[in-house]
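Numbering (full-length UniProt numbering), first residue to last: 1 to 628.
Next comes the structure, spelled out in structure tokens:
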């Protein structure tokens, strides 16, 4: 009996020993286990880093594909990206229990949405979201179709881990309660990550002054800044720059002298030609056409002219085929600033939103001094790009928004160009002459889903369903409406005493959907490239044709038009950053990303410097302060 009890106890203890040993080991290792973050955190961090690297590959490849292309020092860029993602995910380590899991998931979701939003915005604008752009969210109204067209099915990959993580948290409701705060890990990450970032900044930005690598510096192209800092670092730094830049700056005497010297070097002593003042005293209409690119001018598809009206107008116009868009974050509003004020837009955000009350020596002000009545109109809301406030400050005595027109025909974003231009006719007829009217069209805005009843070009269904086919149809529609508008001006007796300047605000199909063109079959060479060119056509009835091959951009509209309208050059020589394309001996344009195009290479440094100086000019309200 005694032996039976002994064997029974031995049997029980023997079976329990592995459990007791496991519990003992677990208890002894608890201090070490508590030091290591939980698997959910590790998984979120690793997947987040992979997504960041994938995003950087997408946005730094030439065709927005999964082609990784890192210039400069790839190792430094990847480690900086690792440091910033570690800092980002270090915050959940300050929480314990299931709160840690949920906070980690929230940070993963924030990262996924940030990368997704950046990528979509990059496809459309070649830039990334900034705090400056948050103030422009009102512009998203009625832009749903354009935004959706920039979203790809593969973008869902950014959110798969978030969905799986959410399911895991819901199914395993009891897991994670034992997780403790890990302040040592948090502090260690902060020290190591911040230490490496600062050392890289000190070495590359200060000691080497950006010769081999750049860390904390805004580059001309957003992709360079993103590549150097990674998405998380980019937005950290952008936030710092945002709050710093939002302060009104006061230029030093040295900065003011630098601006004045730039304008002196910018002036040319070119002889006048036969076009000087030929339109003096005549009415002026500036017609800014949405998404009008130059490659469609004088081009046909299946024997059909895409822009028959504009092709006909060119025969009685001064036509500039080497004319470039120079817009930046403000897109359409930037074009309005460039043409009316001859000043480059700010490098971050929209000038009209950030500095809507700035004073400029503008085209409407120059013409008002000549006795002109000035008016600007949009077939949309006054708050869209903040255009009413900004154009009023620029110098337009009157502005018309959608409330001044009857919404009798809606296409795309709002009032159709056909209805808009028809309703403008009696307004122009009743205007006191001479007048300067600034008119902005809208129907040819992306995604180019023109209703079937307005599609007049006979295009194969396969092409007609693409963005390119839609673009052809949209431009053909606007072209027709412009023709009817000009014909009505002629019938009302206004055309004989009116000059009409027509240009595109920015590219359309090549700006937003360029990557889709390669997949269109059969393919034609003429539609593959546009090189950011928009047409500039200065039309006057019975004028005869004149083609100016000089390279220029939207910033040159004011000096060129002012010359034709008989405005003396000294009135704008110290304020216009553009050139008179009719007399200039300089052949170049500076695009918004700092790209220099043209043959006058010796002027490249001077020309590009104008972009930097324009930021100082606008941020300090330079022209207003100068008058005081």
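Glycine included, every Cβ here is placed at the ideal spot set by N, Cα and C.
As the structure is a prediction and not an experimental result, all values here were calculated from the model.
Item, Value
"Helix, strand or coil at residue 420 [DSSP, three-state]", "helix"
"Collapsed DSSP secondary structure at residue 44 in the structure displayed", "helix"
"DSSP three-state assignment for residue 122, whether helix, strand or coil", "helix"
"contact_flag[the segment 479 to 493, the segment 299 to 312] where n(CB pairs < 8 angstroms) is 3 or more", "yes"
"Helix, strand or coil at residue 533 [DSSP, three-state]", "strand"
"Exposure label - residue 37; buried when at least 16 CB within 10 Å", "buried"
"Completely contained alpha helix (DSSP H) runs for the segment 158 to 208, where each covers 4 or more residues", "160 to 171 and 183 to 200"
"Under the three-state DSSP convention, the category residue 405 falls into", "coil"
"Rounded C-alpha distance that separates residue 403 from residue 384", "13 angstroms"
"Same chain, Cβ closer than 6 angstroms to residue 339, neighbours up to 5 away in sequence not counted", "554 and 557"
"Simplified DSSP assignment, three categories, for residue 323", "strand"
"Outcome for residue 264 when other beta-carbon atoms lying within 10 angstroms are tallied against a minimum of 16", "exposed"
"Distance cut-off 7 angstroms: residue 329 Cβ against heavy atoms of the ligand SAM", "Annotation note on the ligand SAM: not contained in the displayed structure, which lists no ligands."
"Reference residue 566; option with closest CA among 280, 204 and 150", "280"
"DSSP beta-bridge partners of residue 498", "283"
"Straight-line Cα distance separating residue 240 from residue 486", "50 angstroms"
"Identity of the residues DSSP links to residue 588 by a beta bridge", "598"
"Pairwise C-alpha distance: residue 304 and residue 225", "45 angstroms"
"Neighbour flag for residue 331 against chain B, beta carbons, 8 angstroms", "Reference to chain B is not applicable here, since this structure consists of a single protein chain."
"Separation of residue 157 from residue 174, as counted between CA atoms", "28 angstroms"
"6 angstroms Cβ shell around residue 432 - same chain, five flanking residues per side excluded", "373"
"Where residue 238 falls, given that 16 or more other Cβ within 10 Å makes a residue buried", "buried"
"Nearest to residue 150 (by Cα), restricted to the options 93, 103, 508 and 285", "508"
"Cβ pair residue 229, residue 80 closer than 8 angstroms", "yes"
"Pick from 410, 104, 528 and 53 that is closest to residue 231, judged by C-alpha positions", "53"
"Which residues DSSP lists as bridging residue 634, in chain order", "Since the first residue shown for the chain is 1 and the last is 628, residue 634 is missing from the structure and cannot be characterised."
"Alpha-carbon spacing of residue 155 relative to residue 315, whole angstroms", "47 angstroms"
"Sequence ranges, alpha helix (DSSP H) only - wholly within the segment 346 to 401, length at least 4", "351 to 354, 363 to 368 and 387 to 394"
"Between the CA atoms of residue 580 and residue 600 - distance to the nearest angstrom", "15 angstroms"
"Other residues of its chain near residue 189: CB distance less than 6 angstroms, five sequence neighbours each side excluded", "86 and 90"
"Three-state class that DSSP yields for residue 108 in the structure shown", "helix"
"DSSP state of residue 29 mapped onto helix, strand, coil", "Confidence is the limiting factor: at residue 29 the pLDDT is only 48, short of 50, which leaves the residue's position unreliable, though a coordinate-based value still follows. Three-state DSSP puts residue 29 in a helix."
"Distance between beta carbons of residue 506 and residue 272, contact taken as under 8 angstroms", "Not a contact, Cβ separation roughly 32 angstroms."
"Residue span of the alpha helix (DSSP H) that contains residue 490, given as start and end", "467 to 491"
"Unbroken alpha helix (DSSP H) run spanning residue 278, endpoints", "No alpha helix (DSSP H) holds residue 278; DSSP gives it neither H nor E."
"Nearest-angstrom beta carbon gap, residue 352 and residue 390 [assumed within contact, 8 angstroms]", "4 angstroms"
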